[in-house]
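S.K.:
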Amino acid sequence: MDSLNPEHPPLTMTPADHAPRVWRFFGTALWGLLIFVAMFVGQVGAILLLAALRGLPIDMASIQSVGREPAALALSVIMGLPATLLAVWLAIRIKKASFVDYLALRWPSWMQLLFGAVGLILLVLAWETVSRSLGREATPGFMTDLLKSGRDKGAALLLLIAFSVAAPMSEEVLARGFLFRGWSASFLRVPGAIILSSLVWTVVHLQYDLYFLAEVFTIGLWFGYMRYRANSLWLTIVLHALNNMTAVVLTMWLGG
Numbered sequence: 023m024d025s026l027n028p029e030h031p032p033l034t035m036t037p038a039d040h041a042p043r044v045w046r047f048f049g050t051a052l053w054g055l056l057i058f059v060a061m062f063v064g065q066v067g068a069i070l071l072l073a074a075l076r077g078l079p080i081d082m083a084s085i086q087s088v089g090r091e092p093a094a095l096a097l098s099v100i101m102g103l104p105a106t107l108l109a110v111w112l113a114i115r116i117k118k119a120s121f122v123d124y125l126a127l128r129w130p131s132w133m134q135l136l137f138g139a140v141g142l143i144l145l146v147l148a149w150e151t152v153s154r155s156l157g158r159e160a161t162p163g164f165m166t167d168l169l170k171s172g173r174d175k176g177a178a179l180l181l182l183i184a185f186s187v188a189a190p191m192s193e194e195v196l197a198r199g200f201l202f203r204g205w206s207a208s209f210l211r212v213p214g215a216i217i218l219s220s221l222v223w224t225v226v227h228l229q230y231d232l233y234f235l236a237e238v239f240t241i242g243l244w245f246g247y248m249r250y251r252a253n254s255l256w257l258t259i260v261l262h263a264l265n266n267m268t269a270v271v272l273t274m275w276l277g278g
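Mapping of the sequence shown onto our numbering: residues 23 to 278, in sequence order.
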């Protein structure tokens, strides 16, 4: 009868459910870096595979040569998606949390989708107006050249899938999915999480100049706000996809 003996009190067990199921600031930052590396490895791996299949030496010259081809670049972007999803799944799995709940993979209402789309359109139009007043191009020149080259070389559909499906999903799962979820539960709270995740998303686009980076950052703030308002990552994925698809179609087929 040890349980009745004061010298041998019963053991108290701490329920496993009390353990935190969300990575906080530093855990989210570290895993975010690992997820970005996984995305990069998936993208570069696709280029290396194409180079190997062609019998080219595996060096920087081959990577640059193959990576300039529209079809190869599209495949690279597409292959970054499974690598990103796998890394995010692993990070969430370690916390024994639900993948769907952690990333807020819930379908938004039509009103939320409409509100998000209208806000995005107004934001893009505002930047378009500024670009015209400054005499700047609305799309980075190298992207225009890439998309038109892809259209002429028969890679239009592949590029459309890469930039309108794979890229939005990879980037949103990382930025508004994993990073926002963890940082909003930390000392940053929601406002800080929106700002910091938007900054990280902007860094992913460092191939642009400062002007376009500013545009990317403001769009990221809108996506972050909508992610919080609707509690839905699918909403920002759809908005991101619509934005990219419009830009790709206008550039490749309408010359915009």
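Every residue, glycine too, gets a C-beta built ideally from N, C-alpha and C.
1) CA-CA distance, V226 and L70?
2) Would DSSP call I143 helix, strand or coil?
3) Using only CA atoms, which one of D167, L181 and V260 lies nearest to W132?
4) Which one of A188, L125 and L127 has the shortest CA to CA distance from L264?
5) Does DSSP classify Y247 as helix, strand or coil?
6) Identify the continuous alpha helix (DSSP H) that holds R115 and give its terminal residues.
7) For the candidate residues I216, W256 and L182, whose alpha-carbon lies nearest to that of M274?
8) Alpha carbons only, please: which of K170, G242 and V270 is nearest the one belonging to I216?
9) Report all residues from its chain with a CB closer than 6 Å to the CB of A93; omit the five preceding and five following residues, and keep chain order.
10) Locate the alpha helix (DSSP H) running through P162, then write down its first and last residues.
11) Are the segment 122 to 142 and the segment 220 to 238 touching, with three or more C-beta to C-beta distances below 8 Å?
12) Within the same chain, show all residues whose beta-carbon is closer than 6 Å to that of S208, passing over the 5 residues directly before and after it, in chain order.
13) Is any heavy atom in the ligand COA found nearer than 7 Å to the beta carbon of T224?
14) If we ignore side chains and look at the alpha-carbon of each, how far apart do V270 and S84 end up?
15) Going by CA-CA distance only, name the one from T268, I116 and S87 that's closest to W279.
16) Starting from R76, trace the alpha helix (DSSP H) both ways and give me its first and last residue.
17) In whole angstroms, what is the alpha-carbon distance linking P162 and K118?
18) For S155, count neighbouring C-beta atoms within 10 Å of its own C-beta (all shown protein chains included) and say buried if the count is 16 or more, exposed if not.
19) Count the other CB atoms, across all protein chains shown, that sit within 10 Å of the CB of V122; report buried if there are 16 or more and exposed otherwise.
20) Taking only three categories from DSSP, how would you classify D231?
21) Report the three-state DSSP secondary structure of L276 (helix, strand or coil).
M.R.: Reading it off the structure:
1) 21 Å
2) helix
3) The shortest C-alpha separation from W132 is found at V260.
4) A188
5) helix
6) P92 to I116
7) Ranking the options by Cα distance to M274, first place goes to L182.
8) Selected option, being the one with the closest Cα: G242.
9) A177 and L180
10) Per DSSP, P162 belongs to no alpha helix (DSSP H) and is neither H nor E.
11) no
12) R46 and F47
13) The ligand COA is absent from the structure shown, which contains no ligands of any kind.
14) 27 Å
15) As displayed, the chain neither begins before 23 nor continues past 278, which places residue 279 out of reach and without an answer.
16) First-last for R76: undefined, no H or E at that position.
17) 42 Å
18) Burial is judged here by how many other beta carbons sit within 10 angstroms of a residue's own beta carbon; S155 has fewer than 16 and is exposed.
19) exposed
20) Here D231 sits in coil by DSSP.
21) coil
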